[in-house]
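Chain order of the listed sequences is A and B.
Using the numbering used here, read the first sequence as starting at 433 and increasing by one per residue.
Using the numbering used here, read the second sequence as starting at 42 and increasing by one per residue.
Ideal Cβ placement from N, Cα and C applies to all residues, glycine included.
Since this is a predicted model, take the numbers as computed values, not measurements.
Here the structure comes first, spelled out in structure tokens, and everything after it is commentary.
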Amino acid sequence: MFSVIKGYFQRMFRSSLVRLTIILCLIFTLIFVAVSVTTYFLVTKETLRQIDSEIEAGLANLDNKEFSPRPDYYFTRVARFRDLPEAFRAEISPRDGKFIESIDDPFRGDWRIVINRTGEAWSLGAARLNSRDDTLDVLMQVFLLTGGIGLLSFFGLGLSAARFSQRRLDHITQTLNDLSEGKLKSRTQMQGHRDDIDVLGRNVDKTAEQLEILVSQTRNLSANIAHDLRTPLARLRANLEQYIAGDEDAFERAAVEAERMSEIFNAIMRIARIEAATGNEGFEMLELSDIAAEVYDVFEPVVTERGKRLKLETLGSSKSLLDRQLIVQALANLIQNAIVYGGDNITLYTNQNGIGVCDDGDGVDPENFDNIIRPMVRLDDTRQSEGAGLGLAMVRAIADRHKARLQLSTNEPHGLCVSIVFKKI
Amino acid sequence: MRILLLEDDKQLGPWVKQGLEEEGHVVDLFVDGKDALVAATMQDYDVMILDRMVPNLDGLSLLKSLRASKNATPVIFLTALGEVEDRVEGLEAGSDDYLVKPFAFAELSARVQAMSRRPRASDTVETQTSKLKFADLELDLLKRVCKRAGETIDLNGKEIQILEYFMRRPGRVVTRTMLLEQVWDMNFDPTTSVVETHISRLRAKIDKPFPKELLKTRRGIGYVFGD
């Protein structure tokens with residue numbers, strides 16, 4: 433039982449909002465006490481000053497026959513000190529000149545007295561302090577009451593607000609715990625309050641979503657690697673077995689398969705490396721049309737050799753911060769794709785903000801645009817052809833590396849256009 | 042040539058050693074970095090082939106200590122670490138070439154050849170030559186004119202670059218990858234037959250019209266200029 437309560441308080445106290453509430457309450461109390469003390473002090477001083485001046489006025493009017501003192505005030509003039517009323521005489525000692533004193537007598541009440549000795553005569557003015565004390569009492573009661581109520585409601589409201597926020601934070605913590613345990617579907621689903629906790633929750637959701645995508649991509653990738661490497665591996669094995677069985681030619685075929693596997697693996701690793709790279713190393717300011725011209729020079733003979741035509745179209749150009757090697761590789765992959773899947777005419781083009789390749793082949797159904805840029809996804813009717821399905825995935829990785837957008841569109845009247853659209857600098 | 046080979050893989054090491062020996066080199070194989078360092082300081086080698094990850098002393102540290110002691114023997118790194126940064130790290134440490142596993146033996150062999158006949162710092166005059174000549178083929182790099190048997194051959198910029206690369210390495214095997222790296226500055230495989238196409242265009246100009254073929258294909262390996 434005790435440990436349960438202890439645990440509850442420990443949990444409560446761990447909450448930064450509860451701590452904040454407690455600290456604010458302490459500060460509130462301190463400020464309130466300071467204000468009360470100051471007020472008490474000032475009010476006391478001011479009322480005494482008023483009473484003193486009232487007594488002075490009374491003393492000055494002592495000879496006036498018309499003068500009648502206000503209630504709670506008492507005035508007298510005597511020839512000798514011992515003629516003063518005993519209540520006062522017992523409390524004070526005779527002195528020369530004028531003096532002011534307060535007498536605090538619990539039985540007969542508190543008094544403020546002024547005694548003025550002129551020659552042999554003693555004149556005395558006194559004021560009862562009861563009414564002033566009553567005022568101060570009321571004042572203090574008001575202070576205590578408002579302060580107490582204020583503090584209590586402040587503390588209560590603060591705690592409940594803290595508990596409310598804490599529940600939402602706990603919910604986020606729980607979601608994060610679930611995520612760390614591998615329940616990648618769990619989300620905070622925070623909304624409706626439009627505050628910072630909502631923002632935090634939504635960001636957690638966004639991160640979780642990204643994480644889920646990445647994990648599923650990795651799973652996909654490994655499954656696809658297994659699939660796409662298994663085929664050449666099987667062929668390699670078959671070739672080697674044929675060689676052992678006496679087929680001399682099988683040996684060369686085996687070497688080709690090994691080479692192919694090595695290529696697929698390199699491509700996979702290269703994509704992974706490009707995706708994991710950060711920073712601007714290897715980047716330089718380059719003119720898009722220069723790169724296009726360079727790529728054109730390299731690939732025009734290659735395309736021609738395959739019985740197709742490569743055209744260079746410069747619709748515009750701009751300077752961008754690029755990794756030349758990567759952009760050349762991306763364009764090489766796009767041209768390779770166009771050679772294998774496209775029609776007879778391939779266009780390499782640049783415009784104001786991007787660079788890309790178009791073909792006039794059968795094109796790709798826009799529904800499949802998202803699919804074909806994923807690693808190792810090959811539309812079923814292309815699975816028989818050469819390649820590992822890594823070309824566009826690499827282009828996308830390269831575009832991502834440049835914080836550029838990979839844009840797929842249909843070439844009119846038919847064919848596919850793939851371009852890398854750079855962000856404006 | 043005397044070659045130091047540092048490779049701890051029980052199959053790869055002897056395979057490379059045997060292959061290089063068949064080509065007429067003398068090969069000392071080491072599986073331990075420390076032993077290799079001792080041997081390298083005791084003996085003069087023409088080329089060193091170093092694996093990066095070996096027991097006791099890794100290839101990179103070995104190379105660094107060699108270069109620190111003013112040993113300028115050409116070094117080829119042979120490694121499974123293919124990241125660009127690793128490549129750069131190796132070259133910065135003073136290696137002359139870098140070959141990533143898995144590799145074809147022909148590739149390694151060609152690179153060893155290229156390495157051994159690479160002009161040393163002392164005889165750079167030869168590389169500065171602007172007029173190259175082999176048999177009846179002449180290439181003037183300044184005037185950008187190519188002639189064979191007195192006939193002027195019209196070559197474009199890239200073709201001149203390729204031909205220059207070959208003419209500076211007569212009789213040596215040049216692989217596809219070497220051409221991609223050196224002539225096109227591509228550290229990746231463009232999957233298309235870039236090299237093959239450009240070579241066949243070049244060949245059509247410098248070899249086809251003439252009786253003797255200068256640029257020969259070595260199947261599965263690369264190309265050889267001259268003989």
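Query, Result
"Three-state class that DSSP yields for residue 663(A) in the structure shown", "helix"
"Cβ separation of residue 274(B) and residue 760(A), assumed to be a contact under 8 Å, to the nearest whole Å", "As displayed, chain B neither begins before 42 nor continues past 268, which places residue 274(B) out of reach and without an answer."
"Any chain A beta carbon closer than 8 Å to residue 71(B)", "no"
"Interface positions of the segment 218 to 244 of chain B facing chain A (Cβ-Cβ less than 9 Å), listed along the chain", "225, 226, 227, 228, 229, 230, 231, 232, 233, 234, 235, 237, 238, 239, 241, 242"
"Cutoff 8 Å: residue 163(B) Cβ touching any chain A Cβ", "At residue 163(B) the pLDDT is 43, less than 50, meaning the model places this residue with poor confidence and gives no usable figure here."
"Beta-carbon neighbours of residue 680(A), restricted to chain B and to distances below 8 Å", "Ordered by position in chain B, no residue passes the 8 Å Cβ test against residue 680(A), which lies about 15 Å from the chain."
"Residue 231(B) vs residue 829(A) beta-carbon contact at 8 Å", "no"
"Neighbouring residues, chain B, relative to residue 761(A) (Cβ below 8 Å)", "227, 229, 231"
"Closest residue to residue 76(B) among 91(B), 241(B), 206(B) (Cα-Cα distance)", "91(B)"
"Alpha carbon of residue 862(A) to alpha carbon of residue 690(A), nearest angstrom", "Not covered by the structure: residue 862(A). The range shown for chain A is 433 to 857."
"Beta carbon proximity, residue 143(B) to chain A, threshold 8 Å", "yes"
"Contacts around residue 71(B), its chain only, beta-carbon distance under 6 Å, and the 5 residues preceding and following it disregarded", "47, 77"
"Residues that residue 179(B) bridges to, as DSSP identifies them", "174(B), 188(B)"
"Near-chain A residues of the segment 190 to 212 of chain B - C-beta to any C-beta below 9 Å", "197, 198, 199"
"Collapsed DSSP secondary structure at residue 701(A) in the structure displayed", "helix"
"The segment 700 to 720 of chain A / the segment 673 to 680 of chain A touching (three or more Cβ pairs under 8 Å)", "no"
"Reduced DSSP secondary structure (H/G/I, E/B, other) of residue 117(B)", "strand"
"Cβ-based burial, residue 512(A) [other Cβ within 10 Å; buried from 16]", "exposed"
"Short Cβ contact (8 Å threshold) for residue 747(A) with residue 731(A)", "no"
"CB contact below 8 Å: residue 729(A) versus chain B", "yes"
"Residues sharing a beta bridge with residue 794(A), DSSP", "Residue 794(A) pairs with nothing; no bridge assigned."
"Minimum length 4: unbroken alpha helix (DSSP H) runs contained in the segment 729 to 787 of chain A", "756 to 773"
"Residue 717(A): first and last residue of the uninterrupted beta strand (DSSP E) it sits in", "716 to 719"
"Length of the line joining the Cα atoms of residue 542(A) and residue 520(A)", "11 Å"
"Buried/exposed call for residue 773(A), threshold 16 Cβ in 10 Å", "buried"
"Backbone CA spacing between residue 611(A) and residue 631(A) [nearest angstrom]", "18 Å"
"Residue 143(B) to residue 684(A) span [Cα, whole Å]", "17 Å"
"Through-space distance from residue 735(A) to residue 804(A), alpha-carbon basis", "23 Å"
"Residues bridged to residue 548(A) [DSSP beta-bridge criterion]", "530(A), 555(A)"
"Inter-residue Cα distance where the pair is residue 44(B) and residue 101(B)", "18 Å"
"Chain-ordered neighbours of residue 767(A) on chain B, where CB pairs are closer than 8 Å", "233"
"Residues within the segment 730 to 745 of chain A neighbouring chain B, beta-carbon criterion of under 9 Å", "730, 731, 733, 734, 735, 736, 737, 738"
"Nearest residue (CA-CA) to residue 686(A), options 702(A), 694(A), 698(A), 669(A)", "669(A)"
"Beta-carbon spacing of residue 629(A), residue 597(A) below 8 Å", "yes"
"Residue 74(B), buried or exposed, once every other Cβ within 10 Å from all chains shown has been counted against 16", "buried"
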